[in-house]
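To keep things clear, I will list the structure first and then write my remarks on it.
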Amino acid sequence: MDYRETLKEKKRIVIKVGSSTITYPETGNINLDKLEKFVRILINLLNRGKEVVVVSSGSIPIGRKALGIDADNKSDATKKACAAVGQGRLMMIYEKLFSEYSTLTAQMLLTKESIMSEECCINARNAFEALIDHHVVPIVNENDAIAVSEELYGIFGDNDTMAAQVAELIEADLLILMSDIEGLYTDDPRHNPNARFIHTVRKIDTELEQMGKGAGTASGTGGMHTKIEAAKIATKAGCDMVIANGQSIYTINDVMAGKKIGTLFIAEKNAKSDINEYAPEKDIYRHHKKIK
Ligand code: GLU
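Start counting the sequence shown at 48; every next residue gets the next number (this note's numbering).
Set out below in structure tokens:
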């Protein structure tokens, strides 16, 4: 049996969408059509009896747009103001879309400091459990308005690793990172035509980490490096992880249908299971498609 088949049975799923997935790259405005489809996909997953948690970026670009502040303005205070404005807007849109299906959403804002405190962790976990019990969809983001600078280790900096930490916290079975690239390549496919695509990763070793450093993504805070960091956290915690291209939001359905799409990182505990008949070396193919 193909290991991918087991993804159909995953019960608790964390899905991370980046700013590049939910906004138009040309204008920075929200892609409402895509967001609407995304919400419908989530509702369908709930209808199938799944539990879903969303990690959504977008507060800063949405706030910038609302305030008419240029992306060149790198002032920390301005960025925080944008986050505060944008987060409210983002939640308003999610709430509106989910309410069409009579489903409630909840805003969960985390900081790295809070995740590092045992007490906060327990509180957060209990809150997630209670929300899921009440069929509410938690929508998570970093609390950018108060996050301390990265140098002080107070900031996640990217939602990839935060999504993995959420997956670990709530003991999710599957984490899906919607990216602006199909998945992991042996090198950056935009610069190296010989870069090959990797479908399945059973073990994250130093060679693979090096590949992640070479293969960047076009936009968003986290490049491939942060996605591999996220995979390390998730797979160690017993959660499978898939990096998939968010260009078409329906990719989520393909992943959940067990289709061979994106890069799958198999959780450490599952990598040893008999069900896994993959030969990863055969699973790599030369990528011919031109990447924008
Ligand atoms: N938390 C940031 C935002 O909502 C984005 C971080 C990221 O995209 O990784 O804009």
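For glycine and all other residues, C-beta sits at the position ideal for the given N, C-alpha and C.
Q) Excluding sequence positions up to five away, which residues of its chain have a Cβ less than 6 Å from the Cβ of Ile296? A) Excluding sequence neighbours, Ile296 sits near Lys81, Lys84, Phe85.
Q | Selected residue, minimal CA-CA separation from Val61, among Asn206, Ala128, Val132 | A | Asn206
Q: Quickly, what does DSSP pair Ser149 with across the bridge? List them, please.
A: Paired residues: none, contrary to the question.
Q | Backbone secondary structure at Val21 - three-state DSSP | A | Residue numbering for the chain in the displayed model covers 48 to 339; residue 21 lies beyond these limits and cannot be assessed.
Q. How big is the Cα-Cα spacing for Gly105 and Gly75?
A. 10 Å
Q: Would you tell me roughly how many angstroms separate the C-alpha atoms of Lys159 and Arg237, rounded to the nearest one?
A: 33 Å
Q: Specify, as a first and last residue, the run of the alpha helix (DSSP H) that Glu207 falls within.
A: Reading off the sequence, residue 207 comes out as Asp, not Glu. Start and end: 206-216.
Q) Straight-line CA distance for His181 to Cys167? A) 21 Å
Q. According to the neighbour-count rule (16 or more other Cβ atoms, all chains shown, within 10 Å of its Cβ), is Leu144 buried or exposed?
A. buried
**Q.** Candidates Ile186, Lys121, Leu222, Ala284, of which the one nearest Ala58 by Cα
**A.** It should be pointed out that residue 58 corresponds to Lys in this sequence rather than to Ala. If we check each option's Cα against that of Lys58, Leu222 comes out closest.
Q. Which partner residues does Thr247 have in the DSSP bridge list?
A. DSSP lists Leu311 as partners of Thr247.
**Q.** Residues that Arg59 bridges to, as DSSP identifies them
**A.** Arg59 is bridged to Glu98.
Q) What is the residue span of the beta strand (DSSP E) that Leu222 lies within? A) According to the DSSP assignment, Leu222 belongs to the beta strand (DSSP E) that extends over 221-226.
Q | Asp191 classed as buried or exposed, judged by whether at least 16 other C-beta atoms fall within 10 angstroms | A | buried
Q: Determine the direct distance from the alpha carbon of Asn241 to that of Val213, and round the result to whole angstroms.
A: 35 Å
Q) Sorry if obvious, but does the Cβ on Gly110 come closer than 6 Å to a heavy atom of the ligand GLU? A) no
Q: State the Cα-Cα distance for the pair Thr264 and Gly65, rounded to the nearest angstrom.
A: Here the model assigns Thr264 a pLDDT of 48, short of 50, so the residue's position is not dependable, and the following value carries that caveat. Computed Cα separation, rounded: 12 Å.
Q. At what residues does the beta strand (DSSP E) containing Pro185 begin and finish?
A. 184-189
Q: Use the C-beta contact count for Gln134: other C-beta atoms within 10 angstroms, 16 or more gives buried, fewer gives exposed.
A: buried
(Q) How far does the alpha helix (DSSP H) with Met288 in it extend, from its first residue to its last? (A) Run containing Met288: none in the alpha helix (DSSP H); it sits in the beta strand (DSSP E), 287-292.
**Q.** Anticipated Cβ contact below 8 Å, Met288 with Ala278, distance rounded
**A.** 5 Å
Q: For my contact list, Ile313 and Ala211 are in at a C-beta cut-off of 8 Å; report their separation, rounded to the angstrom.
A: Actually they are not in contact, since the Cβ atoms of Ile313 and Ala211 sit about 15 Å apart, beyond 8 Å.
Q: Would you decide whether Leu311 is buried or exposed? Buried here means 16 or more other CB atoms lie within 10 Å of its CB.
A: buried
Q: Would you tell me roughly how many angstroms separate the C-alpha atoms of Gly153 and Val184, rounded to the nearest one?
A: One detail in the question is off: residue 153 reads as Ala in this sequence, not Gly. Rounded to whole angstroms, Ala153 to Val184 spans 6 Å at the Cα level.
Q | Endpoints, the alpha helix (DSSP H) within which Thr68 is located | A | 66-69
**Q.** Cβ-based neighbour list, Ile109, same chain, cut-off 6 Å, excluding 5 preceding and 5 following
**A.** Gly133, Arg136, Leu137
Q) How about Ile290 and Asp301: are their beta carbons less than 7 Å apart? A) Not a contact, by the Cβ cut-off of 7 Å.
Q. Mind checking whether the beta-carbon of Asn206 lies closer than 6 Å to any heavy atom of the ligand GLU?
A. yes
Q: Give me whichever residues DSSP pairs with Leu157 in a beta bridge.
A: Glu189
Q. Since Asn173 is in the alpha helix (DSSP H), which residue starts that stretch and which ends it?
A. Run containing Asn173: 165-180, per the alpha helix (DSSP H) assignment.
Q) Beta carbon of Val187, beta carbon of Val99: below 7 Å? A) no
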